[in-house]
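Asker:
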Amino acid sequence: MKLVYTDENRFFVNNIKNILQNSGIKILVKNEFTSSVIGEVSPTDGWLELWVADGAEFEVAKKIIQKRFSEQGSVDWQCSHCSEKNDASFDFCWQCQTEKNRQTA
Ligand SMILES: [Zn+2]
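So the sequence shown is residues 0 to 104, counted in numbering that gives the first Met the number 0.
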């Protein structure tokens, strides 16, 4: 197994996880439940980690993630619900999870 993506923000990681799963890649999620352990984990220990099988799936996953990030910087969007700024690559507001396309034109 290889670590393909991790971030302090669990919503970012879940976003990537959904993208990869929608692409048919099998994901192993580590540290999924450590956030419920209060006071016992250091910040980095609690980071959600996405692991994929070594080999072809890892390469495909890497490309998908790179493509996703290369699309960043295009158009950020502002949440219609909480006014939070979201990266262009997110389909849901990272803060309140309102759908991107639900915002008024
Ligand atoms: Zn929001």
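Glycine is no exception: its CB is placed at the ideal position from the N, C-alpha and C atoms.
Would you list the residues whose beta-carbon is nearer than 5 Å to any heavy atom of ligand 1, in the order they occur in the chain?
Answerer: Cβ-based neighbours of ligand 1 within the cut-off: C78, H80, C81, E83, C92, Q94, C95 and T97.
Asker: What's the C-alpha gap between A55 and N8?
Answerer: By one-based count along the sequence shown, residue 55 stands at place 56. By one-based count along the sequence shown, residue 8 stands at place 9. Each residue's Cα considered, the two are about 27 Å apart.
Asker: Please say whether V51 and V12 have beta carbons closer to each other than 7 Å?
Answerer: One-based indexing of the sequence shown puts residue 12 at position 13. One-based indexing of the sequence shown puts residue 51 at position 52. No, Cβ-Cβ distance for V12 and V51 is not below 7 Å.
Asker: With distance defined between alpha-carbon atoms, name the residue in E48, E98, T97 and E83 nearest to L27.
Answerer: Indexing the sequence shown from 1 puts residue 27 at position 28. Checking every option, the nearest Cα to that of L27 belongs to E48.
Asker: Would you report the Cα separation of C81 and N14, rounded to the nearest angstrom?
Answerer: As a working mapping, residue 81 is identified with position 82 in the sequence shown. As a working mapping, residue 14 is identified with position 15 in the sequence shown. Spanning the two alpha carbons is a distance of roughly 19 Å.
Asker: I'd like to confirm the pairing. Which residues does DSSP put opposite W50 in its beta bridges?
Answerer: By 1-based counting over the sequence shown, the position of residue 50 is 51. L2 and L27, per the DSSP bridge assignment.
Asker: Can we count D53 as close to ligand 3, meaning its CB is less than 6 Å from some heavy atom?
Answerer: This structure lacks ligand 3; its bound ligands are ligand 1.
Asker: Can you name, in chain order, every residue of its own chain whose Cβ lies under 8 Å from the Cβ of T97, other than the five neighbours on each side?
Answerer: By one-based count along the sequence shown, residue 97 stands at place 98. Contacts found: C78, S79, H80, C81 and F91.
Asker: If you follow the alpha helix (DSSP H) that F68 is part of, which residue opens it and which one closes it?
Answerer: As a position in the sequence shown, residue 68 is number 69, starting the count at 1. Residues A55 to S69.
Asker: Start and end of the alpha helix (DSSP H) containing Q20?
Answerer: What you label residue 20 is simply residue 21 of the sequence shown in a count that begins at 1. R9 to N21 is the span of the alpha helix (DSSP H), which, as asked, contains Q20.
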